[in-house]
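For the sequence shown, the working numbering assigns the number -14 to the initial residue and increments by one for each residue that follows. Working notes, structure below.
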Amino acid sequence: MTASTSKYVIGNWKLNPASLNEAKALAAAVKAALADQTQVQLGCAPGFLHLSEVAAVLGDCAIWAGAQDISASTGVTGAFTGDVSAAQIVDAGARFVILGHSERRQYQGEDNPVLVKKIQQAIAADLVVILCVGETESQYKSGETLSVLEKQLSVLDGLGVPRSQLIIAYEPVWAIGTGLTPTVDEVVAVHRHIRATLADKELPEVCVLYGGSVNADNAAAFAEASEVAGALVGGASLKADAFAQIVAAFAS
């Protein structure tokens, strides 16, 4: 699987919805609203238990199904209770995986050594990796944003990740689920720095998405910036109409 288009809008459903029937209904609504659009590559990342059924609902339309995490311990099978491997999510229909989300870093203690292993497993399984990076509020206020991102992006050093299998999502931690957002100018400056950092790693032209309280009201402002190649959407991806409005902003 390759990241071959220039615009992406990815829905991270997190621990939602509560039931399989609701997940299938949401996938069906997203498909009905957006299956025919071709200007933006779309993706939906449900929970593990719902992945195969959501992938089946999306079927062979252009909307990708994906996962929110994979095991760092193995890419296939093994004695790792509670883990889900890259091979297993591919078998369930995943085309991409979100790695390094701030909620994983905060609540599960994920750090660069763990993420190195997960990225390696994902690339070996031919998954597109959506690698999340972002600073906390205290780091933002103390002017550490760029140095924090450089440290987080160093996880890619020496891995030989193909550009075609990598997307970066910049999600300032202080903006996720809070309703707060940085200015467009701030996001543009950060995205430029991310792209320059990636170019130094021989990863030019990697798409950089913005995430962090993206919604139908603010998506157009971010979409107007050429440095923003799309959005990683949380809560707004749980309503097909709101998700469709965000997609429309990036498709125009």
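Where is the CB? At the ideal position from N, CA and C, for every residue including glycine. Since the model is a prediction, treat every value here as computed from it, not as a measurement.
Our two residues, Glu209 and Phe235, have alpha carbons roughly 8 Å apart in a direct line. Residue ranges of uninterrupted beta strand (DSSP E) with 3 or more members, entirely inside the segment 112 to 170 and ordered along the chain, are 113 to 118, 151 to 155. Sequence-distant Cβ neighbours of Leu19 in its own chain, meaning closer than 7 Å and more than five residues away, are Leu27, Ile48, Ala229, Val232. The segment 84 to 92 makes contact with the segment 117 to 136; the number of CB pairs closer than 8 Å reaches 3 or more. A Cβ-Cβ separation of about 6 Å places Leu194 in contact with Ala216 under the 8 Å criterion.
Per DSSP, reduced to three states, the secondary structure at Ile104 is helical. Between Lys103 and Ala57 the beta-carbon gap is near 5 Å, inside 8 Å, which marks them as a contact. In terms of Cβ geometry, Leu112 and Leu183 do not form a close pair [threshold 9 Å]. In the DSSP annotation of this structure, the continuous segment of the alpha helix (DSSP H) that includes Ala236 starts and ends at 225 to 236. Across the set Ala52, Ile74, Gln53, Gly51, the C-alpha of Ile74 shows the shortest separation from the C-alpha of Thr62.
The segment 199 to 209 and the segment 129 to 145 do not touch, with fewer than 3 CB-CB distances between them shorter than 8 Å. Gln93: not part of any alpha helix (DSSP H); DSSP gives it neither H nor E. Counting along the chain, Leu27 sits inside the beta strand (DSSP E) bounded by residues 26 to 30.
A Cβ-Cβ contact shorter than 9 Å links Ala79 with Gly51. Of the candidates Arg180, Pro189, Gln124, the residue whose Cα lies closest to the Cα of Ser149 is Pro189. By the CB criterion at 9 Å, Trp(-2) and Gly44 fall outside the cutoff. Taking Gly143 as reference, the option from Val25, Cys192, Val101, Val(-6) with the minimal CA-CA separation is Val101. In the assembly as shown, Asp54 is a buried residue. Its beta-carbon has 16 or more other beta-carbons within 10 Å.
Excluding residues up to 5 positions away in sequence, Leu5, Ala8, Lys9 lie with their Cβ nearer than 7 Å to the Cβ of Glu38 in the same chain. Bridge pairing for Ile(-5): Gly28, Leu217 [DSSP].
With fewer than 16 other Cβ atoms from the protein chains shown falling within 10 Å of its own Cβ, Ser211 counts as exposed. When DSSP reads this structure, Phe81 sits in a beta bridge with Gly51, Val113. With contacts defined by Cβ atoms closer than 9 Å, Ala214 and Cys192 form a contacting pair. Under the DSSP assignment, Val39 falls in the alpha helix (DSSP H) whose first and last residues are 33 to 43.
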